[in-house]
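Shown next, in structure tokens, is the structure this report addresses.
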Amino acid sequence: MKIIKLNAIDSTNSFLKEMAVNATLDSFTVVTAKEQTSGRGQMKNKWISEAGKNLTFSVFVRFDKFKIENQKYLSFVVSRSVFEALTTYYLPKLAIKWPNDIMTVNKKICGVLIENSLQKEYITSSVIGIGVNVNQEIFNDELSKATSLKNILGKEVDLDELLNLILERLQENIQLLNDKEFSIIEENYLNVLYKKNIPSMFKTPNGELFMGKIIGVSQEGKLQLELDNETLEEGFGETKSTTS
Ligand code: BTN
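Using the working numbering, the first residue of the sequence shown is number 62, and each one after it goes up by one.
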């Protein structure tokens with residue numbers, strides 16, 4: 062595994078994607094940055110992270126005959142890998158919030174942005190971007206409900222130690238993916254899915270509230286909700302859980 066450590070860059074995902082275009086990268090090439098000047102999040106959001114305090118890194122992974130129809134399993138192994146690494150720190154109420162946020166005490170501690178290269182029906186490679194809030198103490202956007210390891214544990218955490226833990230878990234879990242162990246991957250993810258089987262309030266895109274409970278994730282990666290007797294499938298960004 063090759064780790065490239067940068068002081069500052071626009072976005073480690075953008076940098077690694079660009080590198081992959083210009084060179085033949087080995088699988089598991091990693092780029093970390095102390096500071097991202099234009100960090101990117103899900104759904105074209107920005108990813109804001111205080112310089113030098115947190116983990117912001119991306120991993121290039123190459124696949125052999127990995128079908129697009131199985132892409133949810135990649136998302137599952139990435140979030141599960143961060144989850145497993147974070148169990149080392151005994152964070153309370155650690156869970157994965159669909160699709161791939163990591164939560165502790167109902168607050169977001171990590172976000173994941175996966176960008177795939179496709180060829181016909183296959184994903185040939187991915188840039189897996191991971192941002193973990195580690196030693197940052199103040200989060201301006203109160204609505205984002207973010208927290209960090211330091212805020213929860215009351216002490217600093219070593220960035221390299223956590224990076225190595227995540228990369229170790231990621232390598233192991235990507236192996237499960239290469240071995241097509243989809244049912245194990247699904248079980249590992251659903252076992253720690255935030256609010257699974259707990260009746261909660263959800264919001265439709267036009268603001269209507271409804272009660273439902275998460276029962277799983279469809280093959281297309283949509284969240285499956287059960288409302289009274291019917292099952293509903295929601296795509297990312299189409300519903301919002303209004304955590305109670
Ligand atoms: C999200 O929850 O919205 C996803 C956030 C992903 C942030 C990481 S930080 C490293 C990598 N580079 C980026 O520009 N984004 C990802």
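Every residue, glycine too, gets a C-beta built ideally from N, C-alpha and C.
Check: Within the segment 116–190, note down every full beta strand (DSSP E) run reaching 3 residues or more, in order along the chain.; Outcome: 116–128, 156–158, 162–165 and 168–180
Check: Verify the contact flag: residue 72, CB atom, against every heavy atom of ligand 1, threshold strictly below 6 Å.; Outcome: yes
Check: Please classify residue 16 as buried or exposed, where buried requires at least 16 other C-beta atoms within 10 Å of its C-beta.; Outcome: The requested residue 16 does not occur in the structure, where the chain is confined to residues 62 to 305.
Check: With three or more beta-carbon pairs closer than 8 Å as the criterion, would you say the segment 158–173 touches the segment 270–286?; Outcome: yes
Check: Along the chain, where does the beta strand (DSSP E) that runs through residue 246 open and close?; Outcome: Per DSSP, residue 246 belongs to no beta strand (DSSP E); it is in the alpha helix (DSSP H), 243–251.
Check: At which residues does the beta strand (DSSP E) containing residue 106 begin and terminate?; Outcome: Here residue 106 belongs to no beta strand (DSSP E), and DSSP marks it neither H nor E.
Check: Just to check, is the beta-carbon of residue 106 closer than 6 Å to a non-hydrogen atom of ligand 1?; Outcome: yes
Check: Span of the alpha helix (DSSP H) holding residue 307?; Outcome: The question about residue 307 has no answer here: the residues shown for the chain are numbered 62 through 305.
Check: Could you check whether residue 117 and residue 226 sit closer than 7 Å to each other, using their CB atoms as the reference points?; Outcome: no
Check: Classify residue 256 as buried or exposed, calling it buried when 16 or more other Cβ atoms lie within 10 Å of its own Cβ.; Outcome: buried
Check: What is the C-beta distance between residue 208 and residue 166, in whole angstroms, given that I count them as a contact (C-beta under 8 Å)?; Outcome: 7 Å
Check: Would you say the beta carbon of residue 117 comes nearer than 6 Å to a heavy atom of ligand 1?; Outcome: yes
Check: Would you decide whether residue 63 is buried or exposed? Buried here means 16 or more other CB atoms lie within 10 Å of its CB.; Outcome: exposed
Check: Nearest-angstrom Cα distance between residue 304 and residue 288?; Outcome: Legend: pLDDT at residue 304 = 39, less than 50; position of this residue unreliable, value from coordinates given subsequently. Going by the C-alpha atoms only, they are around 17 Å apart.
Check: In this structure, how does DSSP classify residue 73 when only helix, strand and coil are distinguished?; Outcome: helix
Check: Please name the residue in 94, 235, 89 and 85 whose C-alpha comes closest to that of residue 75.; Outcome: 94
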